[in-house]
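**Student:** Under the UniProt record's numbering, residues 1 to 332 are what the sequence shown spells out, in order.
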Amino acid sequence: MHDKADEMVGALIEEFLTARATRKPSPHTLAAYRRDLTTVAALVAADDGTTPLPLDRFPVTALSPRVMRVAFARFAAPRAAASVHRAWSTWNSFFTFLVAEGVVPGNPMPAVGRPRTPLPRPKPLRGEDTPEELLAAVARAEGRQRDPWPERDLAVLALALCAGLRLSELLALRVSSVAGRAGERRVDVAGKGGRPRTVPIEAGVDRVLAGYLDSRRRRFGGRSVRPDGPLLVDRQGEPLRRGGLQYLVESCYRRAGIGDRVPRGARLHALRHTFATRLAEDGASAAEIMRLLGHASLASSQTYIEVTAGQQRAAVAANRTNRALSGLTRGS
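(1) Look at Pro115 and Ala163 and say whether their C-beta atoms are less than 8 Å apart.
(2) Have a look at Leu55 and Thr38 and give me their C-alpha separation to the nearest angstrom.
(3) In terms of DSSP beta bridges, what is Thr188 paired with?
(4) Can at least three beta-carbon pairs, one atom from the segment 147-154 and one from the segment 260-277, be found at a separation below 8 Å?
(5) Quickly, what does DSSP pair Met8 with across the bridge? List them, please.
(6) Just grab the DSSP bridge partners of Arg174 for me.
(7) What three-state label does DSSP hand Pro239 in the structure shown?
(8) For Val199 versus Val208, is the C-beta distance shorter than 8 Å?
(9) Using three-state DSSP, classify Ala111 as helix, strand or coil.
(10) Roughly how many angstroms separate the alpha carbons of Asp147 and Arg219, rounded to a whole number?
(11) Measuring alpha carbon to alpha carbon, tell me which of Gly221, Arg261, Arg166, Gly257 ends up nearest Leu245.
(12) Measure the C-alpha to C-alpha separation of Ile289 and Glu128 and round it to an integer number of angstroms.
(13) May I ask you to report which of helix, strand or coil DSSP gives Ala266?
(14) Compare the beta carbon distance of residue 359 and Val138 with 8 Å and say whether it is the shorter of the two.
(15) With three or more beta-carbon pairs closer than 8 Å as the criterion, would you say the segment 229-242 touches the segment 90-99?
(16) Assuming Arg217 contacts Val225 under a Cβ cut-off of 8 Å, what Cβ separation, rounded to an integer in Å, is found between them?
(17) Name, in chain order, the residues that DSSP records as bridge partners for Ala179.
(18) By DSSP, does Gly22 sit in helix, in strand, or in coil?
(19) How is the alpha helix (DSSP H) around Leu159 delimited, first residue to last?
(20) Within a Cβ cutoff of 6 Å, which residues of the same chain sit near Leu279, ignoring the five residues on either side of it in sequence?
(21) Could you tell me if Ala284 is buried or exposed, where buried requires 16 or more neighbouring beta carbons within 10 angstroms of its beta carbon?
(22) Comparing alpha-carbon positions, which option in Gly222, Ile201, Ala266 lies nearest Leu292?
(23) Pick from Ala190, Arg86, Val44, Asp214: whose alpha carbon is nearest that of Arg66?
(24) Would Gly265 and Lys192 qualify as a contact pair, given that the criterion is a beta-carbon distance under 8 Å?
(25) Roughly how many angstroms lie between the CA atoms of Pro230 and Leu171, to the nearest whole one?
(26) Leu161 and Pro196 look like a contact to me (Cβ under 8 Å); what is the Cβ gap, rounded to whole Å?
(27) How many angstroms separate the CA atom of Asp48 from the CA atom of Val233?
(28) Taking Cβ to Cβ, would you say Val40 is nearer than 8 Å to Glu7?
(29) Looking at the structure shown, is Gln246 part of a helix, part of a strand, or coil, going by DSSP?
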């Protein structure tokens with residue numbers, strides 16, 4: 001055993017988060033780790049069964065399987081299965097780290113139950129021609145906008161709809177992320193969990209990005225498009241941030257008049273889901289979708305195939321001949 005066996009949980013949580021930071025997770029991911037660890041730890045009660053133990057006076061040796069089961073039972077009571085599952089995974093990673101460091105002899109989390117959570121269903125834009133309507137509307141500069149920049153807005157939508165990038169991936173792009181020779185253009189993406197990937201882009205997207213960078217030179221000068229600079233900027237030439245990107249996409253939906261065709265809870269992500277769903281509709285395999293979207297598991301990509309199969313069955317069921325045949329068989 002390591003000489004840290006008597007250390008307090010609070011200090012070890014900080015050590016774990018420092019170790020995780022070297023993987024370059026997003027600030028939101030690190031905040032979620034901290035929240036899951038401290039919230040469950042605070043539910044570990046003292047001998048009276050009700051008083052939480054302060055983290056700075058809470059030895060790691062107190063975290064037995066029985067103690068963790070009780071704490072997770074309290075944590076799970078008011079929360080959704082997905083939240084419990086995420087917290088379980090965080091604690092499992094925490095104990096794996098402690099075992100590797102020689103702080104504890106084993107990981108108690110396999111003895112703690114966790115709910116099964118179904119994979120989230122894809123939420124693409126509704127309507128067969130909605131993506132094309134959105135792009136056409138945004139390409140037109142509207143007089144009602146105070147400072148229209150259709151080239152920039154169209155570049156954001158093209159990267160999300162034709163390369164399937166996440167919000168965090170869009171924000172992390174540099175000017176040099178768009179690379180390759182003519183006919184072999186690509187976007188180099190810093191993916192989720194530090195997993196890099198390359199997404200090919202076609203000539204249309206390449207022209208949109210080139211038009212955007214030209215418009216940026218006219219606005220802010222040639223120095224604004226240095227290779228190491230951010231690819232996406234706001235109207236002041238500053239790096240586009242999370243809230244600004246979300247607002248930009250929402251405003252594009254409003255300008256195109258398609259707000260009612262955007263699934264609830266999947267505003268920017270609906271563009272990524274549309275990219276993946278169309279890949280599946282056009283015959284891409286789950287393995288190809290997995291590589292292009294940067295999924296960690298094949299199961300996540302398989303959901304797009306399954307949803308597409310359901311849509312195809314619904315289309316067949318809507319065929320008028322099928323309906324007529326159904327009427328005949330009911331009559332007989």
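Even glycine gets a Cβ: it sits at the ideal position worked out from N, Cα and C. Quick caveat, the model's predicted, so the values are computed rather than measured.
**Tutor:** Concretely, from the data shown:
(1) Translated into positions along the sequence shown, residue 115 becomes position 115. Translated into positions along the sequence shown, residue 163 becomes position 163. No. Outside cutoff.
(2) The residue you call residue 55 lines up with position 55 of the sequence shown. The residue you call residue 38 lines up with position 38 of the sequence shown. About 8 Å.
(3) What you label residue 188 is simply residue 188 of the sequence shown in a count that begins at 1. Checking the sequence shown, residue 188 turns out to be Asp, not Thr. Under DSSP, Asp188 shares a beta bridge with Thr198.
(4) Counting C-beta pairs closer than 8 Å gives fewer than three between the segment 147-154 and the segment 260-277, which falls short of the contact rule.
(5) As a first step, residue 8 is located in the sequence shown; it is residue number 8 there, counting from the start. For Met8, which the question treats as bridged, DSSP gives the partners Pro59.
(6) Here residue 174 refers to the residue found at position 174 when the sequence shown is read from its first residue. DSSP, once it has assigned bridges, lists Pro230 as partnering Arg174.
(7) Position 239 of the sequence shown holds residue 239. Here Pro239 carries a strand assignment [DSSP, helix/strand/coil].
(8) As a first step, residue 199 is located in the sequence shown; it is residue number 199 there, counting from the start. As a first step, residue 208 is located in the sequence shown; it is residue number 208 there, counting from the start. Taking a C-beta distance under 8 Å as the contact criterion, Val199 and Val208 do not qualify as a contact pair.
(9) In the sequence shown, counting from the first residue as 1, residue 111 sits at position 111. DSSP places Ala111 in helix when its eight states are reduced to three.
(10) As a first step, residue 147 is located in the sequence shown; it is residue number 147 there, counting from the start. As a first step, residue 219 is located in the sequence shown; it is residue number 219 there, counting from the start. Their backbone Cα atoms lie some 11 Å apart in a straight line.
(11) The residue you call residue 245 lines up with position 245 of the sequence shown. In terms of Cα proximity to Leu245, the closest of Gly221, Arg261, Arg166, Gly257 is Arg166.
(12) As a position in the sequence shown, residue 289 is number 289, starting the count at 1. As a position in the sequence shown, residue 128 is number 128, starting the count at 1. Using only the alpha carbons, I get a separation of about 20 Å.
(13) To locate residue 266, count along the sequence shown from 1; it is residue 266. Three-state result, Ala266: coil.
(14) The shown model of the chain, from 1 to 332, leaves out residue 359, and the question about it has no answer.
(15) These segments do not touch.
(16) Translated into the one-based positions of the sequence shown, residue 217 becomes position 217. Translated into the one-based positions of the sequence shown, residue 225 becomes position 225. With 8 Å as the limit, Arg217 and Val225 qualify as a contact, their Cβ atoms being about 6 Å apart.
(17) Position 179 of the sequence shown, counted from the start, is the residue given in the question as residue 179. Note: Ala179 sits in a beta bridge opposite Arg186.
(18) In the sequence shown, residue 22 corresponds to position 22, counting from 1. Looking at the sequence provided, one finds Thr at residue 22 rather than Gly. Correct three-state label for Thr22: coil.
(19) Reading the sequence shown from its first residue, position 159 is the one you call residue 159. If you look at Leu159, you'll find it in the alpha helix (DSSP H) that goes 150-163.
(20) Position 279 of the sequence shown holds residue 279. So the list reads Ile289, once near-sequence residues are dropped.
(21) Start at 1 with the first residue of the sequence shown, and residue 284 comes out as number 284. In the assembly as shown, Ala284 is a buried residue. Its beta-carbon has 16 or more other beta-carbons within 10 Å.
(22) In the sequence shown, counting from the first residue as 1, residue 292 sits at position 292. Out of Gly222, Ile201, Ala266, Ile201 has the C-alpha closest to the C-alpha of Leu292.
(23) Position 66 of the sequence shown, counting from 1, holds the residue named residue 66. Residue Val44 holds the alpha-carbon nearest to the alpha-carbon of Arg66 among Ala190, Arg86, Val44, Asp214.
(24) Here residue 265 refers to the residue found at position 265 of the sequence shown. Here residue 192 refers to the residue found at position 192 of the sequence shown. No, these two residues do not count as a Cβ contact at 8 Å.
(25) One-based indexing of the sequence shown puts residue 230 at position 230. One-based indexing of the sequence shown puts residue 171 at position 171. Pro230 and Leu171 have their C-alpha atoms spaced approximately 8 Å apart.
(26) The residue labelled residue 161 in the question sits at position 161 within the sequence shown. The residue labelled residue 196 in the question sits at position 196 within the sequence shown. Rounded, the Cβ-Cβ distance is 21 Å, inconsistent with contact.
(27) Here residue 48 is taken as the residue at index 48 of the sequence shown, counted from 1. Here residue 233 is taken as the residue at index 233 of the sequence shown, counted from 1. Any reading at Asp48 must be qualified, since the residue scores a pLDDT of 46, below 50, and its modelled position is unreliable; the value itself is stated next. So the alpha carbons of these two residues sit roughly 56 Å apart.
(28) Walking along the sequence shown from the start, residue 40 turns up at place 40. Walking along the sequence shown from the start, residue 7 turns up at place 7. No, Cβ-Cβ distance for Val40 and Glu7 is not below 8 Å.
(29) Here residue 246 refers to the residue found at position 246 when the sequence shown is read from its first residue. In this structure, Gln246 counts as helix in the three-state DSSP scheme.
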